[in-house]
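For the sequence shown, the residue numbers in mature numbering (1 follows the signal peptide of the UniProt record, and there is no 0) are -28 to -1, 1 to 106.
A virtual CB, placed ideally from N, CA and C, is assigned to each residue, including glycine.
Structure first, then comments.
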Amino acid sequence: MKTICLFKTIFLSSLLALGAVSSSSAQSEITFKVNLTPQLEDSIYVPGRDRIYVKGNVFPLKGNKKVYLKDPAPADSIYEATVDFPSSANGEKLKYNYFIFTPQKKMKEDTPRFIRLKKGERELDALYFNSFAW
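If you want it as structure tokens, here you go:
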């Protein structure tokens, strides 16, 4: 009896692990990037004082959730963050904006950006903040 219970436990654990692997492979992983060169040159954005984040209309970017971007290579002025969207969001049209938050004000891009979510990994081009080239 104990052997059967142990076998059932191992079998169910294996199924759960396989389910976790297959559902994570169907997720959409997006690396958001924005180039802040003009804002840095004009001292509109000051590293260490100010923050930049992305918000959108699809979980996990919607509501009060903010995903902050960091500059992994400060010489290039490109800030980035990677976000995992659930597989249930595949096919949805993500509308998003970058925001700069300073002690004086919050700046939002004038025009939203759009991307269709699909499974797999994607790295977006590092366009300038508030650029209209997308």
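Exercise. With distances taken from CA atoms, which of Ile72, Pro19, Ser59, Ile87 is nearest Ala45?
Worked result: The shortest Cα separation from Ala45 among Ile72, Pro19, Ser59, Ile87 belongs to Pro19.
Problem set entry | Residues near Asp22 by beta carbon distance below 7 Å, same chain, minus five either side | Ile72, Phe73, Thr74
For this session: Measuring alpha carbon to alpha carbon, tell me which of Ile2, Val26, Gly35, Asn7 ends up nearest Lys80.
Result: Val26
Problem set entry | Rounded straight-line distance, which links the Cα of Asn62 to that of Arg88 | 8 Å
Exercise. Leaving out five residues before and five after Ser(-5) in sequence, what residues of the same chain have Cβ atoms less than 6 Å from its Cβ?
Worked result: Reliability fails at Ser(-5), whose pLDDT of 45 lies under 50, so the model's placement of it is uncertain and the value that follows must be treated cautiously. Nothing listed; no residue qualifies.
Problem set entry | Distance between beta carbons of Leu41 and Val6, contact taken as under 8 Å | 7 Å
Problem set entry | Contact set for Ser83: own chain, Cβ-Cβ below 7 Å, skip 5 residues either direction | According to the sequence displayed, residue 83 carries Thr and not Ser. The answer, listed in chain order, is Phe104.
For this session: Could you round the C-beta distance between Ser59 and Lys90 to whole angstroms and report it? I think they count as a contact, below 8 Å.
Result: Between Lys90 and Ser59 the Cβ distance is about 10 Å, and since that is not below 8 Å, they are no contact.
Problem set entry | The alpha helix (DSSP H) enclosing Glu95, as first and last residue numbers | Per DSSP, Glu95 belongs to no alpha helix (DSSP H); it is in the beta strand (DSSP E), 92 to 95.
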